[in-house]
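**Student:** Mind the numbering: the sequence shown is residues 207 to 935 in our numbering, read in order.
Heads up, the beta-carbon is just placed ideally off N, CA and C, and yes, glycines get one too.
Structure below; questions to follow.
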Amino acid sequence: MSAEAPHSRGNGWEEVLTKEQEAVVHADAGEALSVIAGAGSGKTRVIVARARRLIDQGIYPVLLLSFSRAAADELRHRLGKSVKERKALPGESKFEVLTFHALGLRILRSCTTKVLSHKTGRSNGFSIFSFTEQRNIAQEVLRELGKEGSPASILKSILSSRIHPRSKTSAEVQGASHLYEKKLIESNAFDIEQLVLAAELILECESSVRTQWQNRFKGILVDEFQDVSQSNFNLLLQLCGATTSVTVVGDDDQSIYSFRGSVPEVFKLFEKEFRGPKNRLQLVENFRSQHHIVEAASVVISDAPNRLAKALKTSNPPGAKVKIVSCINADHEGQYLAQQIKHLHANMSIPYSQIAVLSRTRARSLEIRSRLEDVAIPTTMMPRKGRGMSFWSVLQDSGASEPSRVPTASSAALAMVRLICNESDTSSFALLAKVFEVPDDLVQSLIGEGGCTLSAAIRMKNTVAKENRKQLFQLLFAVDKLKHNLTRSAGSVSLRQFLYQVLSLLPLDDQYSGSSEKVLAAAQEADSIAGEDSGSVSLGAEQGSHNAEDDMALLLKGSKRPSNHQAARGSNGKDPRRREVDRLRRALDIFVQLEADNEISAASVPKESVLCTTIHQSKGLEWRVVLLPGMNEGTLPLRNHYSESRENIDEERRLCYVAFTRAREKLLISYIVQDMNMSQFQSCFLQKLPHSCSEREALGDMQSVIPRPSRGPSKPPQKRPKKKLQTRG
Numbered sequence: 207m208s209a210e211a212p213h214s215r216g217n218g219w220e221e222v223l224t225k226e227q228e229a230v231v232h233a234d235a236g237e238a239l240s241v242i243a244g245a246g247s248g249k250t251r252v253i254v255a256r257a258r259r260l261i262d263q264g265i266y267p268v269l270l271l272s273f274s275r276a277a278a279d280e281l282r283h284r285l286g287k288s289v290k291e292r293k294a295l296p297g298e299s300k301f302e303v304l305t306f307h308a309l310g311l312r313i314l315r316s317c318t319t320k321v322l323s324h325k326t327g328r329s330n331g332f333s334i335f336s337f338t339e340q341r342n343i344a345q346e347v348l349r350e351l352g353k354e355g356s357p358a359s360i361l362k363s364i365l366s367s368r369i370h371p372r373s374k375t376s377a378e379v380q381g382a383s384h385l386y387e388k389k390l391i392e393s394n395a396f397d398i399e400q401l402v403l404a405a406e407l408i409l410e411c412e413s414s415v416r417t418q419w420q421n422r423f424k425g426i427l428v429d430e431f432q433d434v435s436q437s438n439f440n441l442l443l444q445l446c447g448a449t450t451s452v453t454v455v456g457d458d459d460q461s462i463y464s465f466r467g468s469v470p471e472v473f474k475l476f477e478k479e480f481r482g483p484k485n486r487l488q489l490v491e492n493f494r495s496q497h498h499i500v501e502a503a504s505v506v507i508s509d510a511p512n513r514l515a516k517a518l519k520t521s522n523p524p525g526a527k528v529k530i531v532s533c534i535n536a537d538h539e540g541q542y543l544a545q546q547i548k549h550l551h552a553n554m555s556i557p558y559s560q561i562a563v564l565s566r567t568r569a570r571s572l573e574i575r576s577r578l579e580d581v582a583i584p585t586t587m588m589p590r591k592g593r594g595m596s597f598w599s600v601l602q603d604s605g606a607s608e609p610s611r612v613p614t615a616s617s618a619a620l621a622m623v624r625l626i627c628n629e630s631d632t633s634s635f636a637l638l639a640k641v642f643e644v645p646d647d648l649v650q651s652l653i654g655e656g657g658c659t660l661s662a663a664i665r666m667k668n669t670v671a672k673e674n675r676k677q678l679f680q681l682l683f684a685v686d687k688l689k690h691n692l693t694r695s696a697g698s699v700s701l702r703q704f705l706y707q708v709l710s711l712l713p714l715d716d717q718y719s720g721s722s723e724k725v726l727a728a729a730q731e732a733d734s735i736a737g738e739d740s741g742s743v744s745l746g747a748e749q750g751s752h753n754a755e756d757d758m759a760l761l762l763k764g765s766k767r768p769s770n771h772q773a774a775r776g777s778n779g780k781d782p783r784r785r786e787v788d789r790l791r792r793a794l795d796i797f798v799q800l801e802a803d804n805e806i807s808a809a810s811v812p813k814e815s816v817l818c819t820t821i822h823q824s825k826g827l828e829w830r831v832v833l834l835p836g837m838n839e840g841t842l843p844l845r846n847h848y849s850e851s852r853e854n855i856d857e858e859r860r861l862c863y864v865a866f867t868r869a870r871e872k873l874l875i876s877y878i879v880q881d882m883n884m885s886q887f888q889s890c891f892l893q894k895l896p897h898s899c900s901e902r903e904a905l906g907d908m909q910s911v912i913p914r915p916s917r918g919p920s921k922p923p924q925k926r927p928k929k930k931l932q933t934r935g
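Shown next as structure tokens:
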């Protein structure tokens, strides 16, 4: 936690506010308010207090928008604790906290199939594809176009062209993008990034939907506003009515996500596009870092052009100066990092969990982690996607750069749940066809019938050649049995229980049992987050007179299973199966968003280990000690043929600023002077750091450096094949 020590006023929730924080909280609700909140300035506290004041003034419901689920959870917890619920209209809520993806999804789910079909080509029961399914579709796109290359690479090009529509794209990428979108529509699915784009489109074009959502919230507050993309901004613009109170909070100096469409100029865009009176306030007092760290960070960011004028300050003591160390080479730097971490832990009693090593790239983090583990320092790295052991990170092929040709138990189970929720999901049906060994020629014939969908398979099941029926009917039987179980669940099914039933019906070998156990364990998190009851109801055993053999015989004859389906309807006529499908779909919706969340929370970092992570992933976190190795030209700032533009160098500077401001007590910087017998130079960002806040040291000589042992026989470099489709930087 930050060592914030604001003025005490002894007045409930206001006791934690400083004077500049009070100015933000008490600003006129009728003005479009932008708040430039410097690093460590108590931004979250101010957002919560501002939301609380709006609610106390009768301006509610209030919507708080964030970018990561971890940040949304923190806001929800703190505001919920602050707000004392009072009597209101039945079912009325004072506030909601959503990510932009969750907001887009909620808007789309609220639309009728008619509206969705007209504007997006989807129906209301659409699926959301995770990164794995996106790669699978990209692989299909490459195959149909007759192109070679990496599915992940072409997917990156497709998504980049969507984020930067005005950038020049090749005819090949345009063709791939068109086919990719076509396949999503055929599967009645969106990918995660389309949720905001599609919601924005519907609000812009459908006045009735726009009015409905503008009337839903009287106040809107946006956290980390510097991270919004053009589509995020447009969605916010459409959501705000003439009387909506709008507050945006962020720091243009921490705008580091240009690859997903954010620009630091968004604050100026806000003041230009939003109607009515406007106000801009600043939070510039840093409560997190010692004075020398704040001074160093301010020097680094001061050379950034076009930034909003501000001067970060702190009342914290000077503390230790920022230490800048030159090391001979990478082996020497690794020795230095290990030595410092051991000293900090053993001699200064700093827990490993309060030490972080931040790198510009993930590859560099992996290398450093390996070096530290060689000398028995406990370390951890967070997954590339998601939060720790979340459901969706388990479902990804660990470390795989391309989709697996053989479906795993986890991917097959996920596909089955998706298919139950969305019978038009061609991608999931095709994957399950592989699991059940349905002949490829039959699958292709189903595709020719208007899509490899469940409905097409059911329609054609009695026209299939007898020698090919068994596998297809086994798949249809499994789907039918799962649907029947949903009907009988009486509203108590949990995702974990349903996955257990799915796995029991999949024809997978024992070698997949470990994967199955991981899925079932991860589903505990699924039920917790989705608010589902993972209690005592088991779907593994049916009650009643039906058995598998009888059901299979009925299916083969094309008959319908006798059921009490109609009798199970309540007095309101609701289909219990549809109700349970909706519950499963809500769980799936949540976890796709978890996968898209590329930030980490302090709670997700294992205790008693040093975190090795990237600067991007460190945003929003802080440690007592931060080590920042590799501060060389070409590394930070990263320089290659994609990143030589002025805009990219400016963003590298902001990355450096973010890294500096993660440290509370100590900031240790290092760089190397030689690599592969070539001279290296310190980062340009270090050149202007004054002696008043920093100290420098050159370590060692060549004789003192012991080369790191090789982990295996060296291999001659292999020439990488040329790719037909190139990614954009």
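1. For the alpha helix (DSSP H) holding arginine 315, just list the boundary residues, first then last.
2. To which residues does DSSP link arginine 902 through a beta bridge?
3. Keeping to the same chain, check which residues put their C-beta closer than 6 Å to that of valine 241; ignore five residues upstream and five downstream.
4. Count the other C-beta atoms from every protein chain shown that fall within 10 angstroms of the C-beta of methionine 837, then say buried if there are 16 or more, exposed otherwise.
5. Whose C-alpha, out of Leu361, His370, Arg792, Gly525, is nearest the C-alpha of glutamate 387?
6. What is the rounded straight-line gap between the Cα of valine 832 and the Cα of arginine 275?
7. Does DSSP classify aspartate 457 as helix, strand or coil?
8. On a CA-only basis, which of Ala233, Ile398, Asn854, Ala636 is nearest lysine 484? Give me that one, please.
9. Give me the Cα-Cα distance between arginine 513 and arginine 570, rounded to the nearest whole angstrom.
10. Where does tyrosine 706 sit, in a helix, a strand or coil, going by DSSP?
11. In this structure, does DSSP put cysteine 150 in helix, strand or coil?
12. Do you know whose CA, among Val303, Ile253, Asp458, Ser508, lies nearest leucine 223's CA?
13. Straight-line CA distance for phenylalanine 431 to valine 641?
14. Starting from cysteine 890 and walking both ways along the beta strand (DSSP E), at which residues does that stretch end?
15. Are the Cβ atoms of leucine 692 and alanine 663 separated by less than 8 Å?
16. Just to confirm, are proline 267 and lysine 424 a CB contact at a threshold of 8 Å?
17. Out of curiosity, what's the CA-to-CA distance linking arginine 902 and arginine 870?
18. List the whole-angstrom C-beta distance separating serine 898 from glutamate 501, where the pair is believed to meet the contact cut-off of C-beta under 8 Å.
19. Which residues does DSSP list as the beta-bridge partners of threonine 820?
20. Strictly by DSSP, which residues pair up with lysine 484?
21. Tell whether a beta-carbon distance below 8 Å holds between serine 876 and glutamate 539.
22. Does DSSP put glycine 381 in a helix, in a strand, or in coil?
23. Quick check on DSSP: helix, strand or coil for valine 831?
24. With burial defined as no fewer than 16 other Cβ atoms inside 10 Å of the residue's Cβ, what is the status of tyrosine 848: buried or exposed?
25. Alpha carbons only, please: which of His822, Ala621, Val402 is nearest the one belonging to leucine 790?
26. My assumption, with CB atoms under 8 Å, is that isoleucine 408 sits in contact with lysine 325. Please give the rounded CB distance.
27. Identify the continuous alpha helix (DSSP H) that holds serine 366 and give its terminal residues.
28. Using 8 Å for Cβ pairs, my map puts leucine 844 next to glutamate 858. What's the rounded Cβ distance?
29. Shortest alpha-carbon distance to valine 685 belongs to which of Pro645, Ala618, Phe301?
30. Which one or two residues does DSSP pair with methionine 884 in a beta bridge?
31. Residues in its own chain within less than 7 Å of glutamate 814 by CB, not counting five upstream and five downstream?
32. Below 8 Å, can you find three or more Cβ-Cβ pairs linking the region 390–405 to the region 371–382?
33. Considering just the uninterrupted stretch of the alpha helix (DSSP H) at phenylalanine 337, what are its terminal residues?
34. Alpha carbon to alpha carbon, what distance is there between serine 565 and leucine 834?
35. Helix, strand or coil for serine 633 per DSSP?
36. Measuring alpha carbon to alpha carbon, tell me which residue in Asn553, Val347, Cys446 is nearest isoleucine 364.
**Tutor:** Once the coordinates are examined:
1. As a first step, residue 315 is located in the sequence shown; it is residue number 109 there, counting from the start. Per DSSP, arginine 315 belongs to the alpha helix (DSSP H) from 306–316.
2. Position 696 of the sequence shown, counted from the start, is the residue given in the question as residue 902. Ile530, per the DSSP bridge assignment.
3. Along the sequence shown, read from residue 1 onward, the residue named residue 241 stands at position 35. For valine 241, where only same-chain residues beyond five positions count, the Cβ hits under 6 Å are Val230, Val455, Leu487.
4. On the sequence shown, position 631 is the one that residue 837 refers to. Under this definition methionine 837 is a buried residue.
5. In the sequence shown, counting from the first residue as 1, residue 387 sits at position 181. For the residues Leu361, His370, Arg792, Gly525, the minimum Cα distance to glutamate 387 belongs to Leu361.
6. Position 626 of the sequence shown holds residue 832. Position 69 of the sequence shown holds residue 275. Answer to the nearest angstrom: the Cα atoms are 24 Å apart.
7. Taking the sequence shown and counting its residues from 1, one reaches residue 457 at position 251. Note: aspartate 457 maps to coil in three-state DSSP.
8. The residue labelled residue 484 in the question sits at position 278 within the sequence shown. The shortest Cα separation from lysine 484 among Ala233, Ile398, Asn854, Ala636 belongs to Ala233.
9. Taking the first residue of the sequence shown as position 1, residue 513 is located at position 307. Taking the first residue of the sequence shown as position 1, residue 570 is located at position 364. Approximately 29 Å, taken between the alpha carbons.
10. Position 500 of the sequence shown, counted from the start, is the residue given in the question as residue 706. Reduced to three states, the DSSP call for tyrosine 706 is helix.
11. Beyond the ends of the chain as shown, which are 207 and 935, falls residue 150; an answer cannot be given.
12. Stepping through the sequence shown from its first residue, residue 223 is reached at position 17. Nearest option by C-alpha distance: Ile253.
13. Here residue 431 refers to the residue found at position 225 when the sequence shown is read from its first residue. Here residue 641 refers to the residue found at position 435 when the sequence shown is read from its first residue. Roughly 45 Å between the two C-alpha positions.
14. Sequence index remark: in the sequence shown, residue 890 carries index 684 (1-based). That residue, cysteine 890, is in no beta strand (DSSP E); it is neither H nor E in DSSP.
15. Here residue 692 is taken as the residue at index 486 of the sequence shown, counted from 1. Here residue 663 is taken as the residue at index 457 of the sequence shown, counted from 1. No, these two residues do not count as a Cβ contact at 8 Å.
16. For the purposes of this step, residue 267 is taken as residue 61 along the sequence shown, with counting starting at 1. For the purposes of this step, residue 424 is taken as residue 218 along the sequence shown, with counting starting at 1. Contact: yes.
17. By 1-based counting over the sequence shown, the position of residue 902 is 696. By 1-based counting over the sequence shown, the position of residue 870 is 664. Looking at the two C-alpha atoms, the distance is approximately 20 Å.
18. Locating residue 898 in the sequence shown gives position 692, counting from the first residue. Locating residue 501 in the sequence shown gives position 295, counting from the first residue. Rounded, the Cβ-Cβ distance is 7 Å, consistent with contact.
19. Locating residue 820 in the sequence shown gives position 614, counting from the first residue. Answer is Ser565, bridged to threonine 820.
20. Numbered from 1 along the sequence shown, position 278 holds the residue referred to as residue 484. Answer by DSSP bridge pairing, in chain order: Ala238.
21. For the purposes of this step, residue 876 is identified with residue 670 of the sequence shown, where counting begins at 1. For the purposes of this step, residue 539 is identified with residue 333 of the sequence shown, where counting begins at 1. Yes, Cβ-Cβ distance for serine 876 and glutamate 539 is below 8 Å.
22. Here residue 381 refers to the residue found at position 175 when the sequence shown is read from its first residue. The answer is helix: DSSP assigns glycine 381 an H, G or I state.
23. Counting from one through the sequence shown, the residue named residue 831 turns up at place 625. Residue state, collapsed to three classes: strand.
24. Here residue 848 is taken as the residue at index 642 of the sequence shown, counted from 1. Since pLDDT at tyrosine 848 reaches only 49, below the 50 mark, its modelled position is unreliable, and the value read off the structure follows with that caveat. Answer is exposed; the Cβ neighbour count stays below 16.
25. The residue you call residue 790 lines up with position 584 of the sequence shown. Out of His822, Ala621, Val402, Ala621 has the C-alpha closest to the C-alpha of leucine 790.
26. Within the sequence shown, numbered from 1, the residue matching residue 408 stands at position 202. Within the sequence shown, numbered from 1, the residue matching residue 325 stands at position 119. The Cβ separation is near 5 Å, so the contact holds.
27. What you label residue 366 is simply residue 160 of the sequence shown in a count that begins at 1. Looking at the DSSP string, the run of the alpha helix (DSSP H) that includes serine 366 is 357–369.
28. Start at 1 with the first residue of the sequence shown, and residue 844 comes out as number 638. Start at 1 with the first residue of the sequence shown, and residue 858 comes out as number 652. Indeed they touch by this definition, with Cβ atoms about 6 Å apart.
29. As a working note, residue 685 is residue 479 in the sequence shown. It is Ala618.
30. Position 678 of the sequence shown, counting from 1, holds the residue named residue 884. DSSP lists Asp881 as partners of methionine 884.
31. To locate residue 814, count along the sequence shown from 1; it is residue 608. The residues are Pro557, Tyr558, Ser559, Pro584.
32. no
33. The residue labelled residue 337 in the question sits at position 131 within the sequence shown. Element bounds for phenylalanine 337: 337–351.
34. Here the question's residue 834 lines up with position 628 in the sequence shown. Here the question's residue 565 lines up with position 359 in the sequence shown. Computed Cα separation, rounded: 7 Å.
35. Start at 1 with the first residue of the sequence shown, and residue 633 comes out as number 427. Three-state DSSP puts serine 633 in a helix.
36. In the sequence shown, the residue the question calls residue 364 occupies position 158. Looking at the Cα atoms, Val347 is the closest of the given residues.
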